[in-house]
Amino acid sequence: MSDYRNDLAVVVLSGGVGGARLARGLDAVCTDLTVVVNVGDDDVIYGLFVSPDLDTVVYTLAGIEGSHGWGLADDSFDVMGHLGGFGLDNQFQIGDRDLATNLFRTARLREGAALSSITAAVASSMSVGPRVLPATDHRVPTRVRSGTTWMPFQEYFVLRGGTDVVDELRYEGADQAEAAPGVVEAIDRADIVVIAPSNPPLSVWPILAIPGIREAVQRSSRVMAVSPLFAGRALKGPADRVMASLGLPAGNQGVADAYQGLVTDLVVDVGDADEPVETEAAIHPLDTRIADRMAASRFARALLELP
Ligand code: GDP
Ligand code: CA
């Protein structure tokens, strides 16, 4: 299987970990891969412009990702320790080497560079092959309403651990944003668009909220979504809870409904093959556990070979 190569043009819509794992699998088997990444999680922390999903995707494609789904492998946290010494809230942990990426991005943004060109520079410095594009160069911060309180995404996700009930989401500024250069073109040129096994409301909807992107996906003849759920549960993180509190049905029916009218195919885990799902999309059960590199490339090949 290692010599299997595919010249299909493939675009992945990706959040952080789930998307990065799929992208790594596809990178092993595709020569023409573009990854369009959520930037709704971006924020300013310690004065630095953080872009967690972009970094997770780039680091994973470079094979240097941290084991917890963020940051770099074997990073040290000396700076965070010293920041804590000033009495600063340092719950948002950024490793020392990971800080370099964030310093570089922040400095270049201040000079007026676009996030897409900075991301290309970071990816190329790490010898990443696929094109990695932010969904947009505009700021489109996701805001989360729990009860009567609106909060920034990172407050909900990192500081409060993603445990609050999510009653409503807002992708602020999305309706005035434009897709980053190359995003719509890549989708229009793609033979297959794959919606990664990412959190639908928190990672994929913010991408689809950028004007032009949903329409481009809708024009595509083949759009496959990969479910992030196993027996109705996310492997990690709040996807199943957020989907439920936003009114989506449990399990893969919820994933089908989250992408209703958008996808031609829905890939579910083999373990959930018997779960009934009502949808126009074709349902394909595959082994969707793609944490390790080999499993991810096997999965990617199976995905591209689906009838
Ligand atoms: P985040 O931005 O880092 O939270 O990551 P994403 O939104 O891209 O992905 C989060 C989702 O990835 C969770 O709902 C997980 O269930 C899913 N996920 C993580 N690893 C895997 C995997 O190996 N296979 C599948 N199918 N889903 C996964
Ligand atoms: Ca994320």
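Residue numbers (the working numbering): 1 to 307.
C-beta atoms are modelled at their ideal positions from N, C-alpha and C, and glycine is treated no differently.
Bear in mind the structure is a predicted one, so any value in this text is a computation, not a measurement.
With a 10 Å radius around the Cβ and a threshold of 16 neighbouring Cβ atoms, V36 comes out buried. Residue state for P181 is assigned as coil, using DSSP reduced to three classes. In the structure shown, the three-state DSSP call for H284 is strand. With a threshold of 16 other beta carbon atoms within 10 Å, A180 meets it and is buried. Shown in chain order are the residues whose CB sits closer than 5 Å to a heavy atom of ligand 2: G15, G16, D41, D53.
Its Cα nearest to that of G95, the residue M80 stands out among L304, M80, R241.
For Y59, the enclosing alpha helix (DSSP H) stretches over residues 52-62.
Residue ranges of uninterrupted alpha helix (DSSP H) with 4 or more members, entirely inside the stretch 64-129 and ordered along the chain, are 78-85, 96-110, 115-125.
Judged by their CB atoms, G182 and L133 are nearer to each other than the 9 Å cut-off. Distance from L286 to V194 at the Cβ level is roughly 12 Å; contact not present, criterion being Cβ atoms closer than 8 Å.
Scanning G47, D188, P197 for the CA closest to the CA of S220 turns up D188.
Taking a cut-off of 8 Å on C-beta distances, the stretch 18-26 does not touch the stretch 112-128, as fewer than three cross pairs fall below it. For V37, the enclosing beta strand (DSSP E) has its first and last residue at 30-37.
V50 is the residue among T149, C30, V50, Y259 whose C-alpha sits nearest the C-alpha of V39. If you ignore the 5 residues before and after E168, its C-beta comes within less than 6 Å of the C-beta of R145, all in its own chain and listed in chain order.
Taken through DSSP and simplified to helix, strand or coil, V204 comes out as helix. In the DSSP assignment, M224 forms a beta bridge with V194, D265. By the beta-carbon neighbour count (other beta carbons within 10 angstroms, threshold 16), Q154 is buried. Counted as a single uninterrupted DSSP element, the beta strand (DSSP E) harbouring I45 occupies residues 43-45. Remark: the shortest separation between the CB of T56 and any heavy atom of ligand 1 falls under 8 Å.
Looking at the DSSP output, S14 bridges to V37.
Closest in C-alpha terms to F230, from the list G271, L13, A186, comes G271. In the three-state DSSP reduction, N6 falls in the strand class (E or B).
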